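Visitor: By the working numbering, the letter at position 134 of the sequence shown is numbered 134, and the numbering carries on one by one without gaps.
Note that the Cβ used here is the ideal one computed from N, Cα and C, for glycine as well.
All figures in this text were calculated on a predicted structure; none of them were measured in a lab.
So that we are looking at the same thing, I have put the structure below in structure tokens.
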Amino acid sequence: MNRSVVITGLGAVTPLGNDVASSWANAKAGVCGTGEITHYDTSAQQVHIAAEVKNLAVEEFIPKKEARHMDRYCHLALIAAQQAVEDSGIEIAKEDPERCGVLVSSGIGGIRSIELEQEKGLAKGFDRISPFFIPLSICNMAAGHIAIAQGFTGMCSAVVTACAGGTNAIGDAFRQIRHGYLDVILCGGTEAAITPSGLGGFTSMKALYTQNDPERASIPFDAERSGFVMG
């Protein structure tokens, strides 16, 4: 017999705000989350704007030593996940941890960490790159860090289906609960691909908006549309 499935808590770190309330309020107010890229110097590239997460003090949520061993995409996921748990009101101590799981997607994982370690390898030799390189870069580490942080010991996985990943994870989580495999799942998606190769790859595909007007950048149904915005 199929079980009913409900969403009990939400968490979000977005270009419009660093929690659900501010993101939703700014969306309703028509605030534009797109602006000049600040994460790195884009002067050598064609695209100079994106929808960045702004003013996020990671150290307020994740101890500095732990944060150093994670890519930014994991930072965003851990913070949003904690918000969702708090919003849900769940008393984890009263749940069976083996019946609680995590399904958090990422399309490309720690792409910035891959870039930085590639630079280090070329300069110093690839046997000198960080021992944390693999866990910094692989796509399932956000799910793993969330499971550890929340004490969930059930299914822990990361579906990788590009831009559909977060929605895919929600659908998979729905089925896990509906069919009785798990009782609780923390699910969603995370990405931090506003990086030189992230922007460069989509630019060379002719997929990105290449002008510099944030107000005219993301207009998919307009006759003047010219590409999407990284965010």
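Whose C-beta lies closer than 8 Å to the C-beta of L179 among residues of the same chain, with five residues either side of it excluded?
Guide: To locate residue 179, count along the sequence shown from 1; it is residue 179. Looking at the sequence shown, residue 179 is not Leu but His. If we look at H179 and ignore the five residues flanking it on each side, its Cβ neighbours are N2, R3.
Visitor: Can you list, in chain order, the stretches of the beta strand (DSSP E) that have 3 or more residues and sit fully within the region 73-139?
Guide: Runs found: 100-105.
Visitor: Between the Cα of G171 and the Cα atoms of Q118, P220, V104, which residue gives the shortest distance?
Guide: Counting from 1 along the sequence shown, the entry for residue 171 is found at position 171. Ranking the options by Cα distance to G171, first place goes to V104.
Visitor: Taking C-beta to C-beta, are V53 and L76 nearer than 9 Å?
Guide: Working through the sequence shown from its first residue, we reach residue 53 at position 53. Working through the sequence shown from its first residue, we reach residue 76 at position 76. Contact flag set, yes.
Visitor: State the Cα-Cα distance for the pair G110 and A173, rounded to the nearest angstrom.
Guide: In the sequence shown, the residue the question calls residue 110 occupies position 110. In the sequence shown, the residue the question calls residue 173 occupies position 173. Roughly 23 Å between the two C-alpha positions.
Visitor: Around the Cβ of M205, are there at least 16 other Cβ atoms within 10 angstroms (buried) or fewer (exposed)?
Guide: For the purposes of this step, residue 205 is taken as residue 205 along the sequence shown, with counting starting at 1. It counts as exposed.
Visitor: Which residues in the same chain have their Cβ closer than 6 Å to the Cβ of S23, if we skip the five residues on either side of it in sequence?
Guide: Here residue 23 refers to the residue found at position 23 of the sequence shown. Cβ within range, chain order: A12, T14, L16, G17.
Visitor: By the DSSP assignment, the beta strand (DSSP E) with L186 in it spans what residues?
Guide: In the sequence shown, the residue the question calls residue 186 occupies position 186. Run containing L186: 184-189, per the beta strand (DSSP E) assignment.
Visitor: For D71, which of H145, G151, A207 has the nearest alpha-carbon?
Guide: By 1-based counting over the sequence shown, the position of residue 71 is 71. The candidate whose alpha carbon is nearest that of D71 is H145.
Visitor: Return helix, strand or coil for S157, following the three-state DSSP convention.
Guide: Indexing the sequence shown from 1 puts residue 157 at position 157. Strand at S157.
Visitor: So what does DSSP say about A169, is it helix, strand or coil?
Guide: Here residue 169 is taken as the residue at index 169 of the sequence shown, counted from 1. A169: helix per DSSP, three-state reduction.
Visitor: Rounded C-beta distance between Y40 and P214? I'm assuming under 8 Å.
Guide: In the sequence shown, counting from the first residue as 1, residue 40 sits at position 40. In the sequence shown, counting from the first residue as 1, residue 214 sits at position 214. Between P214 and Y40 the Cβ distance is about 18 Å, and since that is not below 8 Å, they are no contact.
Visitor: Look at the alpha carbon of T34 and the alpha carbon of A217, and state the distance between them as a whole number of angstroms.
Guide: Counted from its first residue, the sequence shown places residue 34 at position 34. Counted from its first residue, the sequence shown places residue 217 at position 217. Taking the straight line from one Cα to the other gives about 8 Å.
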